[in-house]
Each structure stands twice: as C-alpha cells, then as structure tokens.
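With the first letter of the sequence shown counted as 1, position 32 gets the number 32 in full-length UniProt numbering; the numbers rise by one all the way through. Written below as structure tokens is the structure these notes are about.
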Amino acid sequence: MVKRRREQASSVTSGGLSEFQRYLNQPLLEIDEEGSFDLLGWWKTNQSKYPILSIMAREILLVPVSTVASEASFSAGGRVVSDKRCGLSPETVEALVCLKDWNLADTRRQEAEQEAKLAEAFERLKLERPEWMPRNPPHDQQSTTSR
1 MVKRRREQAS SVTSGGLSEF QRYLNQPLLE IDEEGSFDLL GWWKTNQSKY PILSIMAREI
61 LLVPVSTVAS EASFSAGGRV VSDKRCGLSP ETVEALVCLK DWNLADTRRQ EAEQEAKLAE
121 AFERLKLERP EWMPRNPPHD QQSTTSR
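Right, dumping it as structure tokens:
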C-alpha cells in the first residue's frame with residue numbers, strides 16, 4: 001500500500017499533468033448561494049480522481065472543533081475587522097492581530113517585572129523596618145509556615 005501511495009504521489013498522468021494541476025484545470029462548479037454544498041462529500045466522491053488531494057482535504061476539513069478556541073478566536077477578529085476596517089487585506093488584519101498580541105504580551109511581562117520589584121521592595125522594607133510589620137502574621141501565613 002505504501003508503494004502504491006508513493007507511486008500515486010509521484011505519478012504524472014499521460015497528459016503530463018500532476019494531480020494538483022488536473023484539479024486546477026477543472027472548470028469551476030456552479031453552487032447555489034442559498035443551497036448548502038457538502039465540501040467533504042465532494043472530495044469523497046472525487047477521491048478516485050484526486051487521491052492525494054482528497055486525503056489532504058479530509059485531514060484539513062476534519063479538524064476537531066475542540067482545537068479551535070471558539071469565542072476567543074471569533075471575537076478577536078470582530079474587534080480587528082470592524083465595519084470601518086472591512087476593506088483591510090488579510091495580511092493587514094494578520095499584522096494587526098500580531099501587534100495586539102505582542103502588545104498584550106509586553107504588558108504582561110512589564111506587570112510581572114513590576115510585581116517582582118514590589119516584592120523585593122517589600123522584603124527590603126521588612127528587613128529595614130521590622131517594627132512596621134505585624135507581630136502575628138495573617139491566618140493564611142501561619143498555616144503555611146507551621147507545616
């Protein structure tokens with residue numbers, strides 16, 4: 001079976017065209033805008049004509065729903081592609097999403113650095129001014145230090 005797949009993958013039809021070229025040379029299908037088109041069914045029907053492409057299509061089209069963060073993915077796009085920005089190219093939209101993500105990551109990094117600096121300052125304060133610290137630690141700290 002592996003040998004047959006390799007032959008199919010490297011085979012060129014008698015006309016000298018690869019499977020992909022044959023697919024691209026096919027006329028476009030007329031699809032009713034209001035009707036539904038079963039894309040996966042089309043690839044299954046044409047599996048003998050395009051064996052490699054049909055396998056690829058099946059693997060791409062059958063991505064489990066759980067691998068996509070539904071609301072987060074769609075709402076992020078909605079915030080980038082608003083009515084005013086609907087004419088943006090896909091590359092520009094991708095760049096905007098990346099910039100926003102990088103900005104948020106930078107903000108998170110800065111917040112973590114600030115928290116570390118505050119913790120250091122608090123530790124220095126405890127050493128320099130122990131009289132400012134409560135004599136009995138809060139309940140949560142007592143339970144963790146006595147273990």
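Beta carbons are placed, not taken as given, at the ideal position from N, Cα and C, and that holds for glycine. Note that this is a predicted model, so its numbers are computed, not measured.
Coarse secondary structure for residue i, derived from DSSP in three states
{"i": "Gln21", "result": "helix"}
{"i": "Glu128", "result": "helix"}
{"i": "Gly41", "result": "helix"}
{"i": "Ile55", "result": "helix"}
{"i": "Pro90", "result": "helix"}
{"i": "Lys117", "result": "helix"}
{"i": "Arg135", "result": "coil"}
{"i": "Leu104", "result": "helix"}
{"i": "Leu29", "result": "coil"}
{"i": "Glu34", "result": "coil"}
{"i": "Gln110", "result": "helix"}
{"i": "Leu96", "result": "helix"}
{"i": "Ser62", "result": "Note that residue 62 corresponds to Leu in the displayed sequence, not to Ser. Here Leu62 sits in coil by DSSP."}
CA-to-CA distance, residue j to residue i, given in whole angstroms
{"i": "Glu34", "j": "Thr107", "result": "45 Å"}
{"i": "Glu19", "j": "Phe37", "result": "23 Å"}
{"i": "Gly41", "j": "Gln47", "result": "10 Å"}
{"i": "Gly16", "j": "Tyr23", "result": "13 Å"}
{"i": "residue 148", "j": "Ala119", "result": "Outside the displayed range of the chain (1 to 147) lies residue 148, so it cannot be described from this structure."}
{"i": "Asn136", "j": "Lys117", "result": "25 Å"}
{"i": "Val93", "j": "Leu104", "result": "17 Å"}
{"i": "Ser73", "j": "Leu39", "result": "Interpretation of Ser73 is limited by its pLDDT of 49, a score under 50 that renders its predicted location unreliable; no figure is taken from the coordinates."}
{"i": "Leu96", "j": "Pro130", "result": "50 Å"}
{"i": "Asn25", "j": "Ser54", "result": "16 Å"}
{"i": "Glu30", "j": "Glu115", "result": "60 Å"}
{"i": "Tyr50", "j": "Trp102", "result": "41 Å"}
{"i": "Arg58", "j": "Trp43", "result": "8 Å"}
{"i": "Cys98", "j": "Pro27", "result": "37 Å"}
{"i": "Gln110", "j": "Asp32", "result": "53 Å"}
{"i": "Leu89", "j": "Lys100", "result": "According to the sequence displayed, residue 89 carries Ser and not Leu. For Ser89 and Lys100, the distance between alpha carbons rounds to 17 Å."}
{"i": "Ala112", "j": "Phe122", "result": "15 Å"}
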